[in-house]
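Residue numbers (the working numbering): 439 to 592.
The beta carbon of each residue, even a glycine, is placed where N, CA and C say it ideally should be.
A quick note: this is a predicted structure, and the numbers were derived from the prediction, not measured.
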């Protein structure tokens, strides 16, 4: 991290979107830009763990294989002694799990479109030789207009 605790690797941390066991997802902007991006950042304890670094690198490698409207685009990986992160598109949307919990009937009314988009995503993944090993509502984002993004390829 730089002297400014809100900047890592040239990216300004704006908002922590999610925290997991070994990583956090941050909304970020590149220094000098206003374009929102997302950063998956290794937590300090995980930074000391070679296995956690390998998982981060693997997810980035897998994510870089995909170019499809239903997949988050990955841009940059940086792993050093001081930090480990990758940069990807920021898709401002709640998870399908959050939406099911908040309003099941409304989510059910959009389910056909969501499932069709997921099928397209998984066909694309399979064509590239990959399987998503953690398909669950937490790893599916759906925005207000019904656009779907599959996340978390670790």
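So, for residue i: in the same chain, excluding its five sequence neighbours on each side, which residues have a beta-carbon less than 6 Å away from its beta-carbon?
| i | result |
| --- | --- |
| residue 534 | 575, 578, 580 |
| residue 491 | 517, 522 |
| residue 555 | 508, 586 |
| residue 456 | 463 |
| residue 528 | 465, 474, 475, 476 |
| residue 545 | 537, 538 |
Near residue i, what residues of its chain come up, given a Cβ to Cβ distance below 7 Å and the 5 sequence neighbours on each side ignored?
| i | result |
| --- | --- |
| residue 566 | 503, 504 |
| residue 568 | 500, 503 |
| residue 572 | 590 |
Could you give the C-beta distance for residue i and residue j, rounded to a whole number, given that I count them as a contact under 8 Å?
| i | j | result |
| --- | --- | --- |
| residue 479 | residue 468 | Not confirmed; about 15 Å, so no contact. |
| residue 516 | residue 470 | That pair is no contact at about 17 Å. |
| residue 459 | residue 450 | Actually they do not touch by this definition, with Cβ atoms about 25 Å apart. |
Considering only the beta carbon of each residue, do residue i and residue j sit closer than 8 Å?
| i | j | result |
| --- | --- | --- |
| residue 466 | residue 591 | no |
If I measure Cβ to Cβ from residue i and keep anything under 8 Å in the same chain, skipping five residues before and after, which residues do I get?
| i | result |
| --- | --- |
| residue 548 | 580, 584 |
| residue 498 | 512, 515, 524 |
| residue 494 | 461, 478, 480, 515, 517, 522, 523, 524, 592 |
The segment 508-515 in contact with the segment 575-591 per 3-pair CB rule at 8 Å: yes
Whole beta strand (DSSP E) elements within the segment 486-546, 3-residue minimum: Counting whole runs of 3 or more residues, the segment 486-546 contains the beta strand (DSSP E) stretches 512-517, 522-527.
At least 3 beta-carbon pairs within less than 8 Å: the segment 483-502 vs the segment 550-562: Contact check between the segment 483-502 and the segment 550-562: fewer than three CB pairs, one atom from each, fall below 8 Å, which does not count as touching.
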